[in-house]
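These notes concern the structure reproduced below.
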Amino acid sequence: MNHLQSLEAYSLFILREAYAKLGRLGLLWSIGKDSTVLLWLAKKAFFGHCPFPFIHVDTSYKIPQMIVYRDKVAKELGLEMIVHQNVKALAAGMGPDKGRLICCQALKTEALSEMTAKHGFEGLIVGVRRDEEGSRSKERVFSERTKDDVWDYVHQPPELWGQFKTDFPKGHHIRVHPLLQWSEIDIWRYIDQERIPVIDLYFAKNGQRYRSLGCAPCTGLIDSQATTVPDIIRELENTKVSERAGRAQDQEDAYAMQKLRRDGYM
Amino acid sequence: MTEDRHLAKASREKLKIVVAGHVDHGKSTVIGRLLYDTNSVNLGLVEKVKRISAETGHPFEFAFLLDAFEEERKQGITIDTTQLQFRAALRDYVIIDAPGHKEFLKNMISGASDAEAAFLVVDAEKGVEEQSRRHAHMLSLLGVRRLGLLVNKMDLVNYDQKVFLAITAALNEYLASLGLTATIALPLSALLGENVAQPSPHLAWYQGPTLLAALDSLEKVTEEESDLRLPIQDVYKFDDRRVLAGRIESGRARINDRIMISPGNKITTVVSLPAWLERDLKDEGRAGESVGLMVADEFYNRRGEVISLVDNPPLVSDRLKASIFWLGQKPLILKRRYKIKLATAEAEAAVIEIHHLIDSDSLAPIKAEGQVRLNEVAVVELSLSRPLAMDLFASRKATGRFVLQDGYDVVGGGVITWIEDRPPVRTGFSLGALKARCEIFEEYFYHVGEMAVNKIKPPRPHYGVGDPVPLVGRSYRYPESFDIVVFRDQVAIQIRNGQVANILPLAEFVYGQLPLVNGRGFGLKIQSNEDWLKARDDLATSNPENESSLAERWLDFNAYRHIPIGGDDFHI
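Going down the list, the protein sequences come from chains A and B. Each number in our numbering corresponds to the 1-based position in the first sequence with 97 added. Each number in our numbering corresponds to the 1-based position in the second sequence with 796 added.
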């Protein structure tokens, strides 16, 4: 088995474990490349079916093309979609001008928490990867969150031999991370190999493209000439700039992401 | 760059390496240096680590490239395991950093459990310490057989070859008693980047490869040539297909293979390996692949069963001995019950004996006092609530290891060293050397959820002359007196008034005008001695080609059996 085959096989194993062992299950679909690969892997794991809903936590600040693309794909594939917004915070005028981390906390973390409780999810499949940033590199494949969605990262359980955390108190939930061991370039090589359609915001227009997608006010473009998937792969093979360099919330302080994620951020 | 080149790159090999050793001997620094020297770290992270190092008044801390948590950087220790990737000339690597602090042994094990090879880091100045040995011991239990030694901080001992030789000799002696041999031992200074990616003039007496070159010399091992083990994860019926889904842990599964599904030991044939995309369809699944199998017979299959080839099935048992490592804050207690998770199967496991503890320093057995405490290693005997399919760890890893759970938490892991091997439990009749395997008291039912006919074996396995037999079950009703003819064992059993009256060789059996059933409880369509002699000769020639036409001619399923409707609640 080559590297992409073994990554794929392990991800399918994880998805099937989640489906077999957890109660109500949902997949967080952020419209980006990683969760689009997840969608593809779910289809493979379940032989063309997708036995759980797709969830989009919509901050209302997303890049507009993302929403158009989301609705188009959901319709084409007949996905069961759950779109959730933190209506209360938005009504009170929440936005990045209130402080980036405060905004992320309200519109992503709290919205996600509301949605999890409302639908009684026991498992949320999330496309985070170890190579994205430090606190994610320390994650488990099945990562427990308490009733208050807190991640107790100092006391993570042992995880060995493909035996995951599948028993936990009622009201807790598990973040399932099938892409944990993939790297950014693995994702693009897999998209290339499988010919997976992705949103065209990743491809350069007028010398710029998005490398990571998020909310419009906090996500920057990078200089790039990459207009095709092979171009992107070539670009990544030669870059030393981190993937999330364009994501403003990560740069707020040295442990911004660790703190956000402790409280339930994906 | 052409497309082909992309594919070639995409198909590069990846090897998982764990770096273990005592706290503060420099594991994270070794890895940080390796990443830094191979240009595998992005600039953002280097800048961030520079900033944090400066803020805390340190020189550039290579370890901070891995120790991402604020708590880790403040205390200067690794709390949790990390995995990082880097590319070398030959292949890609996943490097796993395992915490060396005793308190975080569970995190070390989480990291090391799926490593393909390990490097044990020892501080040249401090020498071999408690966790150096403990980690080596854990690696041997986890089944990591390929091991290299890194004597780090050589700059602190003036690059003295004698120090290096003394440390490697001490470690090799310890490893030998674990049955391990280090494939390589190399001196280095991770902090100064000596002998990591570049050789060092200070280590001129050392003729071997750098760490980077040593990595490239490791060979990748696959489980493809071993016996098939495919633990069932789930049975899918999303559409009109019924698919047994799972990951092939070893061996291969091909279309037309005769497979056994254990612990029930049901035999069937692989019909296809379905896939969502046509280009993923194939005739064969290999070790490591997550596949689905469609099989010829619709038994009641469930998660936890193990698929193998008929010639080489796993053992089925409810009694085993294992070497375990305990990770629970509360000790393991003799006689207590824990949940066992073995591949995809789950059951209850009672600790019926703690043979001894093993001292990680000396590897000597220590008498156990009825419990096994945090971070201790012990040899225990477990009794399971039901038989499971399993193997000895030494022969097949994935079905030879398990974790134990107490409540919600995984509290230990173990590798199987002994399995009580009893003959499979079957209903049978015997008299002296005469033995007949017989399934006439099996219950058949139609499983509504599965939309398939399933069977349940009775709990009472054995009958001798004089024993009463259960004439009426939920799916069968035999007459008070009848005869059973078991062709495969060439034995006949005479039941009279609900009791076993006689067991005799089939050759001596004389047709007595009583109802006849075969070994499965199907009626024989026989009215006369002439019929009987014909049926006997006919059925003696039974083979896979003619068995269904013979069955049609001579057997009547409905004579004494019927198939009631049932579900998971159906039991005897």
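Every residue gets a Cβ at the ideal spot worked out from N, C-alpha and C, and that includes glycine.
- With respect to Ala-1049(B), Leu-1024(B) sits close: the two C-beta atoms are nearer than 7 Å.
- Within 8 Å of the CB of Ala-864(B), the CB atoms of chain A belong to Glu-230, Gly-231, Ser-232, Ser-234, Lys-235 and Gln-355, in sequence order along the chain.
- Nearest in C-alpha terms to Val-1106(B), of all of Thr-877(B), Ile-1057(B) and Ala-972(B), is Ile-1057(B).
- One Cα belongs to Glu-1101(B), the other to Arg-1284(B), and the distance between them is close to 27 Å.
- Contacts between Leu-257(A) and chain B, judged by CB atoms closer than 7 Å, involve Ile-905, Ser-906, Ser-909, Val-1199 and Gly-1209 in chain order.
- With respect to Gly-817(B), Val-917(B) sits close: the two C-beta atoms are nearer than 7 Å.
- Three or more beta-carbon pairs separated by less than 8 Å are not found between the stretch 232–246 of chain A and the stretch 133–144 of chain A, which leaves the two stretches without contact.
- Taking the CA atoms as reference points, Tyr-158(A) sits about 26 Å from Gln-322(A).
- Using a CB distance cut-off of 7 Å, Asp-1030(B) counts as an interface residue toward chain A.
- When rounded, the separation of the alpha-carbon atoms in Ala-885(B) and Leu-1011(B) is 11 Å.
- The three-state reading of DSSP puts Trp-248(A) in coil, since its state is none of H, G, I, E or B.
- The beta carbon of Gly-1166(B) sits closer than 6 Å to the beta carbons of Leu-1130 from its chain, once the five residues preceding and following it are set aside; these are given in chain order.
- Ala-203(A) is positioned such that its CB atom lies closer than 7 Å to that of Met-191(A).
- Taking a C-beta cut-off of 8 Å against chain A, the contacting residues of the stretch 875–888 of chain B are Ile-875, Asp-876, Thr-877, Thr-878, Gln-879, Leu-880, Gln-881 and Asp-888, listed in chain order.
- The continuous beta strand (DSSP E) containing Val-180(A) extends over residues 178–181.
- Within the stretch 297–330 of chain A, those residues whose Cβ lies closer than 8 Å to any Cβ of chain B are, in chain order, Pro-327 and Ile-330.
- When only Cα atoms are considered, Ile-282(A) and Ile-330(A) end up about 6 Å apart.
- Under the 8 Å Cβ criterion, the stretch 242–261 of chain A does not count as touching the stretch 310–320 of chain A, having fewer than three qualifying pairs.
- Listed as beta-bridge partners of Leu-1153(B) by DSSP are Ile-1162(B) and Ala-1174(B).
- Counting of Cβ neighbours within 10 angstroms places Thr-1018(B) among the exposed residues, the total staying below 16.
- Runs of the alpha helix (DSSP H) lying entirely within the stretch 952–1026 of chain B and spanning at least 4 residues, in chain order: 957–973 and 1007–1012.
- Shown here, Leu-1180(B) sits in a strand according to DSSP, grouped into three states.
- Just measuring C-alpha positions, the residue of Ile-848(B), His-854(B), Glu-866(B) and Asp-893(B) sitting nearest Leu-831(B) is Asp-893(B).
- For Phe-218(A), not one C-beta of chain B is nearer than 7 Å to its own C-beta.
- Remark: three or more beta-carbon pairs, one from each stretch, lie closer than 8 Å, so the stretch 847–864 of chain B and the stretch 824–838 of chain B are flagged as touching.
- Judged by DSSP in its simplified three-state form, Leu-125(A) adopts strand.
- Residue pairing by DSSP places Val-947(B) opposite Val-918(B) and Pro-983(B) in a beta bridge.
- Here Ser-1046(B) carries a strand assignment [DSSP, helix/strand/coil].
- Of all C-beta pairs linking the stretch 211–224 of chain A to the stretch 261–276 of chain A, three or more are shorter than 8 Å, placing the two stretches in contact.
- At a cut-off of 7 Å between beta-carbon atoms, Val-170(A) makes no contact with chain B.
- At a cut-off of 7 Å between C-beta atoms, Pro-1127(B) does not count as an interface residue with respect to chain A.
- Here Glu-899(B) carries a helix assignment [DSSP, helix/strand/coil].
- Trp-1122(B) is positioned such that its CB atom lies closer than 7 Å to that of Leu-1128(B).
- Counting C-beta pairs closer than 8 Å gives three or more between the stretch 1060–1070 of chain B and the stretch 1090–1099 of chain B, which meets the contact rule.
- Taking the Cβ atoms as the reference, Phe-882(B) lies roughly 4 Å from Ser-836(B), within the contact range of under 8 Å.
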